[in-house]
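Worksheet for the structure shown next.
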Amino acid sequence: MLWRNKITSSNTLLAGSAIIGMLSLSACQTAPSTSTTVQTTPVQTLPTSQPTVPSTTTTQAPVTEANDQSNYPTEPYNEVEQSEKPNPLTQETPVFTPPAPDVIQPDPVIIAPSRNDYIISEPSVPSHNELLEHARRNSQQRTQQAASNNSNLPAFRNLMQVGISQLKAGNLTNAESSFTRAQRLAPKSSAVYFYLAQVALKKNQPRKAEAMARRGLSVSQDSNRRRALWQVILQSGQAQGNSRVVNEAKKSIALITDIYTF
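The working numbering numbers the first residue of the sequence shown as 803 and each following residue consecutively.
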């Protein structure tokens, strides 16, 4: 009995050991592999008396990839040319250019005008022969104008005489009719425009009078007739209250008078 009990207990221990071994084996197969950390104990070294060597600092350039184009500079590389020392044997001798001398201009000479320069010579008085020659030229000019503008026609002369008589008598309507008929015969006669302007002034038509007088100026070359026409324009400007026309007429009359007197 005792032997059997020992055998039974031994079997029980063996079975338990086998189960534990199987469990340990399965645990080793399923557990993850862990890295083993080896701890090293630092070895302390005693300092020795050795000469100190100066440490050199090495700067490592950054490594750039070959395909990184943004790291390359965009400007071209220009090599700095070393300046050569000038050779005194081949160097040219500098040419000295003297400065231009200062030009001293002389002071301008002011010449005072003489007393005779201030004297204005008066126009010489025309002689008697010169006056006769001037009158003869005016007469020839009037004759040529009369021949060119038909003012020497008998019918024209008759109408002008009748119109002047009617104007003096105060018959303005008939006088205007006579002068209008005469104007049709000789449209370039300045005399007919002068009398038509006179009729317009007496009929209190200053604008029409000015227009007739200006038409007479456009065909007149005689200074006396032109002055008479400007007189009519002056009267018409005064009747209109037009200062511009009045001033224009006064200046023209004064100019014609000065020319005729000279």
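Note that CB positions come from ideal geometry on N, CA and C, so glycine has one too.
Computed from a prediction, not measured in an experiment: that's the story for all the values here.
Would DSSP call residue i helix, strand or coil?
i	result
residue 1022	coil
residue 976	helix
residue 1043	coil
residue 744	For the chain, the structure presents residues 803 to 1064; residue 744 sits outside this window and is missing.
residue 989	coil
residue 1007	coil
residue 1075	Nothing can be reported for residue 1075: it is not among the residues displayed for the chain, which extend from 803 to 1064.
residue 819	helix
residue 834	Unreliable positioning characterises residue 834 in this predicted model, as indicated by a pLDDT of 47, which lies under 50. The coordinate reading is nonetheless provided below. The answer is coil: DSSP assigns residue 834 none of H, G, I, E or B.
residue 1059	helix
residue 901	coil
residue 1054	helix
residue 954	coil
Can you find the residues in the same chain that come closer than 7 Å, C-beta to C-beta, to residue i, ignoring five residues on each side of it along the sequence?
i	result
residue 1049	none
residue 1020	none
residue 1001	969, 974, 977, 978 and 981
residue 1044	none
residue 964	980
residue 779	Lying outside 803 to 1064, the shown extent of the chain, residue 779 is not represented and no answer is given.
Between which two residues does the alpha helix (DSSP H) harbouring residue i extend?
i	result
residue 992	992 to 1004
residue 971	First-last for residue 971: undefined, no H or E at that position.
Ignore the nearest five residues each way along the sequence and tell me which others in residue i's own chain have a CB closer than 6 Å to its CB.
i	result
residue 1016	none
residue 992	1018, 1021, 1022 and 1027
residue 967	none
residue 1035	1012, 1015 and 1051
Would you check whether the ligand NAP has a heavy atom nearer than 7 Å to the C-beta of residue i?
i	result
residue 899	No copy of the ligand NAP appears in this structure; indeed no ligand is present at all.
Below 8 Å CB to CB, which residues in the same chain sit around residue i once its five sequence neighbours on both sides are set aside?
i	result
residue 1037	1003, 1008 and 1011
residue 1030	996
residue 1057	none
residue 1032	1015, 1019, 1051, 1054, 1055 and 1058
residue 987	952, 955, 957, 958 and 961
residue 1042	1008, 1009 and 1012
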